[in-house]
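Undergrad:
There are 2 protein chains.
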Amino acid sequence: MNSKVYLGIDLGGTKVLSAVINAKGQILSRGKKRTAKVEDRDQLVGQIIASAQKALHEAGTAPGDVAGVGIGAPGPVDTERGVVLEMPNIPVGCLHLRSELETALGAPCAVDNDVNVGTLGEFWRGAGQGTSSMVGVFVGTGTGGGIIIDGKLLRGKTGITGEIGHIVLDPDGPECGCGRRGCLEALASRTAMRRRVERAWDEGQGTALKELTGGVPGKLRSGAFRKALDMGDKLATQVVRDCAINLGYGAVTLIHLLSPERIVFGGGVMEALADEMLPIIEGIVAERCLDGCAEGIEIVPAKLGDDAGVLGAAALAIEIASE
Amino acid sequence: MNSKVYLGIDLGGTKVLSAVINAKGQILSRGKKRTAKVEDRDQLVGQIIASAQKALHEAGTAPGDVAGVGIGAPGPVDTERGVVLEMPNIPVGCLHLRSELETALGAPCAVDNDVNVGTLGEFWRGAGQGTSSMVGVFVGTGTGGGIIIDGKLLRGKTGITGEIGHIVLDPDGPECGCGRRGCLEALASRTAMRRRVERAWDEGQGTALKELTGGVPGKLRSGAFRKALDMGDKLATQVVRDCAINLGYGAVTLIHLLSPERIVFGGGVMEALADEMLPIIEGIVAERCLDGCAEGIEIVPAKLGDDAGVLGAAALAIEIASE
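In the order they appear, the protein sequences are chains A and B.
Residue 947, in the working numbering, is where the first sequence stops; the numbers in between run on with no holes.
Residue 947, in the working numbering, is where the second sequence stops; the numbers in between run on with no holes.
Take a look at the structure:
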């Protein structure tokens, strides 16, 4: 019997989730702390460790019994050194997460980008199971992804890979959060959808989205789009459709380049709207891929929701513990 | 001493090149036959075998001394079965090249797409040497490519990968040879460049390209663009620049997804125009890539010219002979 346990940690802009997970990928316990109001690096690290200790306590695990720690962070990561270079939504600067966590938890620690980690989670225990190559595409505030080839996360030369949101889709298109133009994310993400709605509001276009959110752009979450769609709202239908079409173009590019066995679509937008969006994405793939290119390639929704992060982080931990 | 030799064959729409190559990648002899006027499958196979026999004769090698045969074909290939599904420029239908060549030459044979094979050639003996991951982009009549990850050609689920020419770059853009819209190839290939010039001719725009080619679109080869460029021709300068910009967008997408160590640009257009185009491509990459994403990634011209095909095919042969 393998009794080793691992700590999987999912660091986000509002909360940090920790879980004690065994080698089979079963979640034994969880811990959660807020990160929204941390003021500096020390407070943030304190919250991460507190969430881990809560999970360890719940599972009755002593810190010394943890074989490895993995953590996904919302920003670019130097995986070699275990350093998060920056986190747009947690502005505490560059963070040596590996050394901090190894010191506090006494086990080897691996750090990676949250979307890579989510992809690894879906690959190990979710919608990617049974494949040896898959791409994870996560559509939320932004759009990101990860690439698995031959059963391994592709890391590339710089460690920054699977940046699906920054595929150039329309060189003269709308401005992206990254400051450049026409990235896929500027055309297909919650931010892109919100912008379209705000513009329509400015133009005085009638839409149920206005009543549902009181006209507050910050309340244009995926759930509001879902409700408006169910009410047959014209603007919401258009905006969701166009987002899906652009994600479809992204999928076509992924298939032409990589020919993965499966593309898994996750993230908040997909959790609320996959049933509307996936058929549109599949339609674009059928229409735009070269003959034979899309044959047998599956396009499926993610399965794990929020658990993808802690499970993928545990997969990282298992990898580093076995080195 | 390793005295094994391999046959590398590069099948094209106008000619077929064969070479006897040793395990170090030295070309010992060559054979060449025309394929432009073959009328059916048997004639084509006859020309391929004749070119191989010429190379074998020149090197003084008996067919029985060949350890393996590799061939690159200009069309989609089922690499598992060694079958070329179709060749737009050699319309003889589906072709069981592996079984034909194994019977005729008495050695195991591997078949792959010509651009994958060219990428493998550059990786083994050309501009990709010393890397473990690279992308080859070949710009000619069309634009294609191949992807090497962890020292191996990426084959994917369907065997069709690295179709860089069919990245969706502008969904509402010009029609592509594949019948779809806005593929990179429709904006960046010799065909795309020709179309731009023809349109300018139709509009009566003055250009040295007209004098250089007698106004015959078929004569708008890369060399004509080179000459017109050297003469300071405005249209040629614009067309070459725009082609390079679009290739730059393609490179940005490749880097954001794959983070390869090196991108190697080859093919007829690049052989004539790399000195103009590569700096423009590098400029787009610097401007459009996320911070840190392009760091240390090299963009270089191919080194092997026509030899990439036979050398890559020999690399395939070595692979299959060692199985």
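The beta carbon of each residue, even a glycine, is placed where N, CA and C say it ideally should be.
In terms of residue numbering, what span does the alpha helix (DSSP H) encompassing Asn-713 (chain A) cover?
TA: Run containing Asn-713 (chain A): none; DSSP gives neither H nor E here.
Undergrad: Could you name the residues of the region 726-745 of chain B whose beta carbon sits closer than 9 Å to any beta carbon of chain A, in the order they occur along the chain?
TA: Within the region 726-745 of chain B, no residue qualifies.
Undergrad: Taking only beta-carbon atoms, is His-880 (chain A) less than 7 Å away from chain B?
TA: yes
Undergrad: Can you pull the chain B neighbours of Glu-885 (chain A), defined as C-beta to C-beta under 9 Å?
TA: Gly-780, Lys-781
Undergrad: For Glu-895 (chain B), which of helix, strand or coil comes out of DSSP?
TA: helix
Undergrad: Less than 7 Å between the beta carbons of Gly-764 (chain A) and Gly-891 (chain A), yes or no?
TA: yes
Undergrad: Which partner residues does Gly-696 (chain A) have in the DSSP bridge list?
TA: Paired residues: A:Asp-634, A:Asp-736.
Undergrad: Just to confirm the assignment, what range does the alpha helix (DSSP H) spanning Thr-782 (chain A) have?
TA: Thr-782 (chain A) -> no alpha helix (DSSP H), and no H or E assigned at all.
Undergrad: Quick check on DSSP: helix, strand or coil for Gly-854 (chain A)?
TA: Before going further, note that residue 854 (chain A) is Asp rather than Gly in the sequence given. In the structure shown, Asp-854 (chain A) sits in a helix (DSSP, three-state: H, G or I).
Undergrad: Could you check which residue in A:Leu-902, A:Leu-668, A:Ser-653 has the C-alpha nearest to that of Ala-660 (chain A)?
TA: A:Leu-668
Undergrad: Quick one: Cα of Leu-844 (chain B) to Cα of Val-893 (chain B), how far?
TA: 11 Å
Undergrad: Evaluate Asn-713 (chain A) with the Cβ neighbour count: other Cβ atoms within 10 Å of its Cβ, from every protein chain shown; 16 or more gives buried, anything less gives exposed.
TA: Per the 10 Å Cβ criterion, exposed.
Undergrad: Assign Ala-643 (chain A) to buried or exposed, taking buried as 16 or more other Cβ atoms, counted over all protein chains shown, within 10 Å of its Cβ.
TA: buried
Undergrad: Helix or strand or just coil, what does DSSP make of Ile-944 (chain B)?
TA: helix
Undergrad: Between B:Gly-828, B:Leu-744, B:Gly-916, B:Ile-645, which lies nearest to Arg-926 (chain B) when the distance is taken from Cα to Cα?
TA: Correcting the residue type first, residue 926 (chain B) is Ala in the shown sequence and not Arg. With distances taken between Cα atoms, Ala-926 (chain B) lies closest to B:Leu-744.
Undergrad: When Cβ atoms are compared, which residues of the region 855-876 of chain B fall closer than 7 Å to chain E?
TA: No chain E is part of this structure, whose protein chains are labelled A and B.
Undergrad: Cβ of Pro-698 (chain B) less than 7 Å from any chain A Cβ?
TA: no
Undergrad: So Gly-655 (chain A) packs on Glu-682 (chain A), CB below 8 Å; how close in whole Å?
TA: 7 Å
Undergrad: Tell me the DSSP bridge mates of Ala-674 (chain A)?
TA: Per DSSP, none; premise fails for Ala-674 (chain A).
Undergrad: Would you decide whether Cys-807 (chain B) is buried or exposed? Buried here means 16 or more other CB atoms lie within 10 Å of its CB.
TA: That one is buried.
Undergrad: Are the beta-carbon atoms belonging to Cys-733 (chain B) and Arg-749 (chain B) less than 7 Å from one another?
TA: no
Undergrad: Can you confirm whether Leu-914 (chain B), when its beta carbon is compared against all beta carbons of chain A, has any partner nearer than 7 Å?
TA: Judged by the 7 Å Cβ criterion, Leu-914 (chain B) is in contact with chain A.
Undergrad: Return yes when the Cβ of Ala-812 (chain A) is within less than 7 Å of the Cβ of Leu-871 (chain A), no when it is not.
TA: Going by C-beta atoms, Leu-871 (chain A) is nearer than 7 Å to Ala-812 (chain A).
Undergrad: Please confirm whether Cys-800 (chain A) has its beta-carbon closer than 7 Å to some beta-carbon of chain B.
TA: Answer no: the Cβ-Cβ gap between Cys-800 (chain A) and chain B never drops below 7 Å.
Undergrad: Just mark Gln-671 (chain A) as buried or exposed, buried being the case when its beta carbon has 16 or more other beta carbons within 10 Å.
TA: That one is buried.
Undergrad: Applying a beta-carbon distance threshold of less than 7 Å, which residues of chain A neighbour Ser-723 (chain B)?
TA: Those do not exist, as Ser-723 (chain B) stays about 21 Å from chain A at its closest Cβ, beyond 7 Å.
Undergrad: Tell me, which residues are paired with Ile-905 (chain B) by DSSP?
TA: Answer by DSSP bridge pairing: none, since Ile-905 (chain B) is not bridged.
Undergrad: Buried or exposed for Ser-627 (chain B), going by 16 or more other Cβ atoms inside 10 Å?
TA: Counting of Cβ neighbours within 10 angstroms places Ser-627 (chain B) among the exposed residues, the total staying below 16.
Undergrad: Go ahead and pull the three-state DSSP assignment for Ile-788 (chain B).
TA: helix
Undergrad: For the alpha helix (DSSP H) containing Leu-833 (chain B), list its first residue and its last residue.
TA: 832-837
Undergrad: For a contact defined as C-beta to C-beta under 7 Å, what are the partners of Ser-675 (chain B) on chain A?
TA: Residues of chain A passing the Cβ test: none, with the nearest at roughly 29 Å.
Undergrad: Along the region 760-791 of chain B, what residues have a CB closer than 8 Å to any CB found in chain A?
TA: Ile-771, Ile-773, Asp-774, Leu-778, Arg-779, Gly-780, Lys-781, Thr-782, Gly-783, Ile-784, Thr-785, Gly-786, Glu-787, Ile-788, His-790, Ile-791
Undergrad: I need the boundaries of the alpha helix (DSSP H) containing Ala-824 (chain A), first residue and last residue.
TA: 814-826
Undergrad: Can you give the Cα-Cα distance for Lys-639 (chain A) and Asn-737 (chain A), rounded to whole angstroms?
TA: Taking the straight line from one Cα to the other gives about 16 Å.
Undergrad: Have a look at B:Gly-920, B:Ala-896, B:Asp-931 and flag the residue whose alpha-carbon is nearest the alpha-carbon of Thr-755 (chain B).
TA: B:Gly-920
Undergrad: For Lys-639 (chain B), which of helix, strand or coil comes out of DSSP?
TA: strand
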